[in-house]
Each structure stands twice: as C-alpha cells, then as structure tokens.
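Here the structure comes first, spelled out in structure tokens, and everything after it is commentary.
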Amino acid sequence: MNLLMHDRSQPPVAPLRLRLSREALIHNWRWLHGQSFGAACGAAIKADGYGHGAVAVAEILAGAGCRDFFVATWAEALKVAPVMGGCSLSVLHGVRAADLAVARALGARPVLNSVAQVMLWKAAGGGACDVMIDTGMNRLGLSMDDVAAGALDGLDIDTAMSHLASADVDSAQNDAQLQRFIEIKSRVAAQRYSLANSAGICLGRDYCFDLTRPGLALYGGVPRKEAEGHIRQVAFPEAEVLQVRNVRAGGHVGYNATWTATQDCRVATINLGYADGYLRGFSGRGGALFAGHRLPVIGRVSMDLVTLLIPDGYVIAAGDLVSIDYDLPTASAESGLSQYELLTGLGQRYERVWV
Ligand SMILES: *Cc1c(COP(=O)(O)O)cnc(C)c1O
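Heads up, the sequence shown is in the working numbering, so the first residue is 540 and it goes up one at a time.
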C-alpha cells in the first residue's frame, strides 16, 4: 500500500472486535428489575461498565428506564456525567479532600465509607450523600459501632447501603448480614436502603429493599443458579484469522511446544492474546466458533496470538472472523478466571461495536 495515500484520520480496521448486544443488556436489566420485587433497579458501571464501555452502557440502560448508576471513582464519574441526564450517580469509593471540587461540580453523590469521610463531607458543607455501612465484609464502610455512636447524625442521606460478601453461595453469612442491615434500617434515617448486588437479587424479596445494584448479571454473568436460563450473553469477542498453516504429524505448536500434532493437521492463528484479557488459563482449554463449528485452542495463549485446531476438511482462511467461546460460566470454568475477571479484563485493542 502506498502510505502517502493513507488517510490518517481513518483508523485501521481493527483485527479484533467486541460485539456487544444492546438487546441482551436491556433484557438482563429488565429481568433483574423484575426480580427486585418492586425495588428500583440500578446498574454498577464501574471499571468502564465491566469492560463494555460505561458511557454506552449508561446511555442504553437509561433509555430502558434505569435511573441509578454506580461507579467506583471520581474519574469514572467524570466520564459518565455527560450522559447521566436526570439520573442518580453514586461514587462507591466515597470522597477524598482532592475530590471535593469535582464532587461539587458534578452533583454525583459520594458513598461515604468512614467516619473520616463523613467529617470531610460535613466540613465541606454536606449535601445529599450515600453511606456504606459494613455488615460483615470488613472491606469498606462505617462500622455498626460508628453508627451507634452517632457518626451519621445530621447527614442528608439519600441511600444507606451495605454489601453482601457471600451472596453467590448459600451461606449463613447472607442472613447474618441481612439481619444487621435490618437493624441499620431501624437506626439510620435515609431516603432509601440498598443491599443486593446481582447475586443478592437472586436471594429474594427480603434482600431487595428500595434499590438493587446489579453489575455482573447485567453483562451476562450468572451469579447463582436462580439466574440460569434468564441471563443472556452480552459481550462476544471476535478475532481475525491471521494465518492458516499445515502442521505435520509430530510438529509442535506455540511457546514451549506444549501441543504436538498426532497426525497431519491445519491450524489457524488468530489476532487475540493475553494482552486482550484472553489469559493463559485458556491454553489448551478455550475454543472459538466459526460457522457452527468449534475450533479448540491448542498450545499456549501468547500475548497477541492464539492458535486453533481446524477440524478436518473444514474451510477457513486468513481474514475470516472467528467468534471466541465466551459464555461466561463456561469460560470461567475453562480458564479458572472469575466471570468478573473475564469481563473487566477485556482489553483496549477491541473495537467495541454495539449491535
Ligand atoms: C460492584 C458492586 C456492585 C455490583 O456487584 P455485582 O456482583 O457485579 O452485581 C454492587 N454494589 C457494590 C458496593 C459494588 O461494589
């Protein structure tokens, strides 16, 4: 190609894409809302909307009726603020002195997590905020003792929340946290109370209170068996075949020759690797789909490349786009990564295309 002729304003066609289903995202939110027993259903869009693109996710879900969004940091809040419209935006990590100016400017609410954050917020003039109260996870949040000592007195609390540590499994900790949250509700004056993440919604009516905060299940993750068959896959990674080659019986494939051909065969090398979040746990275990056939991953996943075994007599060529098997529960079992890691690891080289 004559480089001088290249229009530099046109980015090159990406050799890997993330096909994102608007319909599946909306379907999942509606199902979670339906399971929330009359509570409002929000959306956790931290970590760039679990890798999907927080701005696009917020726009789509706001269009479907979602009114409450959660990010982790003020940098994330700044990115999504332009599409928030009249929606409520909460910043889960609360507020530091360095965040006060942007917090005031955006009108998003900090989720105050400690006595120090409460004091900082009050000293800065207060205003509507959310609070996180720890009920047993010991990660973030004021303690029940802080609350009993009056740490929240005089605050203008929109949403009082806590977070479940073990909602994805049947654990006595769930009920213990629920009982503590009920006690909090009787002591802390707030407009709304919120406890459940995706898995918490599956625990039923008692856990839903006024507002639920799903993340994972919006994006196709199945947090518990109650959600099986109801949640649809949203993100479909696709990668181009770079090269198809013949491998003789006895030939090896990839770093450290971990795969050896038992007969003459063909392999396809695709434009995807662990730098794109397709981590080495998929080595010899993952797969890709092309025209209804599954092509297993053979050998090690490299930084930018993965090799697939082509079934006998099968037609596939350089430039063809294969779909990576990324059904989250299956991919999680194959790779040893959590469904969360599979989503938030999706890298920046993908062209994200909503369909
Ligand atoms: C991330 C997060 C959520 C969403 O959790 P999922 O398990 O992804 O549904 C809800 N609440 C808080 C406080 C969170 O940090």
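Note that the Cβ used here is the ideal one computed from N, Cα and C, for glycine as well.
Inter-residue spacing [alpha-carbon to alpha-carbon] between residue i and residue j
i	j	result
LEU844	ARG784	14 Å
THR797	VAL786	14 Å
SER899	MET671	With the chain represented from 540 up to 894, any question about residue 899 goes unanswered, as that position is not in the structure.
LEU742	LEU734	11 Å
TYR817	VAL861	14 Å
HIS935	GLY680	The chain is shown only over 540 to 894; residue 935 falls outside these bounds and no answer can be derived.
ASN713	ASP638	33 Å
PRO550	ALA593	22 Å
VAL892	ALA597	15 Å
GLY590	ASP851	36 Å
ARG819	ALA800	20 Å
GLY754	VAL619	16 Å
ALA640	TRP660	11 Å
LEU717	ALA704	11 Å
GLY739	VAL854	46 Å
LEU628	PHE609	6 Å
ALA706	GLY886	28 Å
ASP607	ARG547	40 Å
ILE837	THR869	17 Å
GLN656	ASP669	11 Å
LEU881	LEU867	7 Å
GLY665	ASP697	12 Å
LYS585	LEU848	37 Å
ALA667	ALA614	20 Å
ASN677	VAL654	15 Å
ARG888	GLN730	42 Å
VAL792	HIS769	39 Å
SER895	PHE821	With the chain covering only 540 through 894, there is no way to say anything about residue 895.
GLY812	SER874	13 Å
MET623	SER560	21 Å
ILE723	ALA690	13 Å
GLN782	GLY826	17 Å
LYS764	CYS580	20 Å
ALA662	ALA642	14 Å
MET842	VAL630	34 Å
GLY789	THR612	52 Å
ALA728	ILE599	32 Å
PRO621	ARG752	21 Å
GLN574	ALA647	27 Å
CYS626	GLY823	45 Å
Cross-strand partners of residue i (DSSP beta bridge)
i	result
PHE608	ALA582, LEU628
VAL786	CYS804
PRO776	LEU557
ARG569	ARG569 pairs with nothing; no bridge assigned.
TRP893	LEU559
SER862	GLU777, LEU828
TRP798	VAL792
THR537	One cannot answer for residue 537 here, as it falls past the ends of the chain, which runs 540 to 894.
LEU651	VAL670
From the options, residue whose alpha carbon lies closest to that of residue i
i	options	result
GLY577	PRO550, ARG744, LYS585, VAL630	ARG744
VAL650	ARG635, SER862, GLY588	ARG635
GLY884	ALA857, ALA637, ALA872, ASP815	ASP815
LEU901	GLY590, LEU645, GLY624	Because the chain here runs from 540 to 894, residue 901 falls outside it and cannot be looked at.
ALA687	ASP669, ALA667, SER725	SER725
THR846	ALA711, VAL780, GLY693, ILE740	VAL780
PHE829	ALA856, ARG888, GLY812, SER822	ALA856
ASN736	VAL708, THR808, ALA728	VAL708
VAL840	ALA807, ARG833, HIS832	ALA807
SER682	ALA728, TYR879, ARG719	ARG719
GLY602	GLY573, ILE565, TYR746	ILE565
LEU804	TYR794, LEU834, SER822	Contrary to the premise, residue 804 reads as Cys rather than Leu in this sequence. Considering only alpha carbons, the answer is LEU834.
ALA756	PHE748, CYS747, LEU750, ALA766	ALA766
ASP673	ASN652, ASP692, ALA662	ASN652
PRO894	ALA579, ALA595, ILE863	Here residue 894 is Val; the residue named in the question, Pro, does not match the sequence. Of ALA579, ALA595, ILE863, the residue nearest in Cα terms is ALA595.
PHE748	VAL552, HIS572, ALA563, ALA647	HIS572
TRP570	ASP587, GLY604, GLY588	GLY604
ALA563	TYR794, ARG771, GLY823	ARG771
GLY693	ALA872, MET658, ASP587	MET658
Residue i at chain D interface by Cβ criterion, 8 Å
i	result
THR612	Protein chains in the displayed structure number just one, and chain D is not present.
- prompt: In the stretch 660-746, which residue ranges form an unbroken beta strand (DSSP E) of at least 3 residues, counting only runs that do not cross its ends?
  reply: 668-671, 696-700, 731-733
Segments of 3+ residues assigned as beta strand (DSSP E) that fall wholly inside the stretch 805-854: 826-829, 832-837, 844-849
The stretch 549-557 in contact with the stretch 771-780 per 3-pair CB rule at 8 Å: yes
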